[in-house]
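In my numbering, the protein residues as written are 156 to 487. C-beta atoms are modelled at their ideal positions from N, C-alpha and C, and glycine is treated no differently.
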């Protein structure tokens, strides 16, 4: 199974042009991208994750209200495509309860070999992201411009490349946000423009504190059907959960009730989930890397044994030189 799809000529030309113009106009307002879950970058809300400059070289702007030029038309057509995928036998199971999406994230890799190292969007399956959609806005892109989306075979340990996707004008790429599609953005040598949307699973989002709260906030997530309450109830796993969700006011900010919600929905931190999923080897590697970052020598951090030095004897052994032909019985 490919786990991704590429569609060329996705939007009418004029809509794609509006998106490109909007991205270029917004470039001075963009901030450096952050690793981890996407979050609002304007309006008083910080990015959800710490900045990690060496691993990610783009600058971004979120259009949560969909008011960036071309956004409304793009989101309408994209939502219709995903709605159709929910009726397809191969994709319907993974799109169950995927009733939410962010507005849109405009991103520019500003040349100079800017890139994004290999990663998975939703590594631990804790932030709700299930399907990633990326539309490229690069006219006259050539091979020497770089910036391909490199898709690897499943699992982060795999180095086998499945495909390099060029970021061509009006090309839409869809792929699962989870472990099936490790990917990276190769070095870009001129401005590389794209707009991304993540489609969110409500059932998964209910299992962690921050994703849970985003479901109740219309400025952070769009409800694809428009009926936010009904989608919340559909994502519940039990009658007790449904009863609780039915009573909570929409567009609320949570306070004292967070502790009870945590118990009911079984919220776990990313660290707890990471520990559960880690193998013994994963834990050893992570600990060793941390030791190296803390200043330990590599052989100390990774438990390497020093190579034994073999001394050359002071009096080398004498060897008798034997004629090859005599040795192999070729002559008497």
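* Tell me whether residue 247 sits in a helix, a strand or coil according to DSSP, three-state version. => coil
* Does the distance from the C-beta atom of residue 336 to that of residue 165 stay below 9 angstroms? -> no
* Per DSSP, what kind of secondary structure is residue 417 in: helix, strand or coil? -> helix
* Asked: How many angstroms separate the CA atom of residue 387 from the CA atom of residue 329?
  -> 25 angstroms
* Assumed close pair residue 338, residue 305 - CB separation to whole angstroms, cut-off 8 angstroms -> 6 angstroms
* Could you please give me the residues that DSSP links to residue 331 through a beta bridge? => 286
* **Closest by C-alpha distance to residue 286, when choosing among 296, 310, 313 and 247** => 247
* **Start-to-end residues for the beta strand (DSSP E) that takes in residue 218** => No beta strand (DSSP E) holds residue 218; DSSP gives it neither H nor E.
* Around the C-beta of residue 263, are 16 or more other C-beta atoms found within 10 angstroms, so that it is buried, or is it exposed? -> buried
* Nearest-angstrom Cβ-Cβ length linking residue 350 and residue 292, presumed shorter than 8 angstroms -> 7 angstroms
* **DSSP state of residue 371 mapped onto helix, strand, coil** => coil
* State the Cα-Cα distance for the pair residue 238 and residue 429, rounded to the nearest angstrom. => 32 angstroms
* Counting only the same chain and skipping the five closest in sequence on each side, list residues whose C-beta sits under 8 angstroms from that of residue 183. => none
* To do: Please state whether DSSP places residue 302 in a helix, a strand or coil.
  => coil
* Buried or exposed (CB count within 10 angstroms, at least 16 for buried), residue 310 -> exposed
* To do: Quick one: grab the DSSP three-state call for residue 390.
  => helix
* **As assigned by DSSP and simplified to three states, the class of residue 411** => coil
* **Beta-carbon spacing of residue 324, residue 171 below 9 angstroms** => yes
* To do: Could you name the residues of the same chain whose beta carbon sits closer than 6 angstroms to that of residue 369, not counting the 5 residues immediately before and after it, in chain order?
  => 375 and 376
* DSSP beta-bridge partners of residue 348 -> 263
* residue 413: buried (16+ other C-beta within 10 angstroms of its C-beta) or exposed? -> exposed
* Asked: Run through DSSP, which three-state label would residue 268 get?
  -> coil
* Straight-line CA distance for residue 382 to residue 297? -> 44 angstroms
* Limits of the unbroken alpha helix (DSSP H) element including residue 236 -> 226-240
* Asked: In its own chain, which residues sit with a C-beta less than 7 angstroms from the C-beta of residue 378, not counting the 5 before and 5 after it?
  -> 254, 255 and 386
* Asked: Would DSSP call residue 464 helix, strand or coil?
  -> Because the pLDDT of residue 464 is 48, which lies under 50, any placement of that residue in the model is unreliable, and the number read from its coordinates should be weighed accordingly. Three-state DSSP puts residue 464 in coil, outside helix and strand.
* When you compare only the Cα positions, how much space is there between residue 281 and residue 224? -> 32 angstroms
* Asked: In chain order, what residues of the same chain have a beta carbon less than 7 angstroms from the beta carbon of residue 161, not counting five sequence neighbours either side?
  -> 320, 326 and 328
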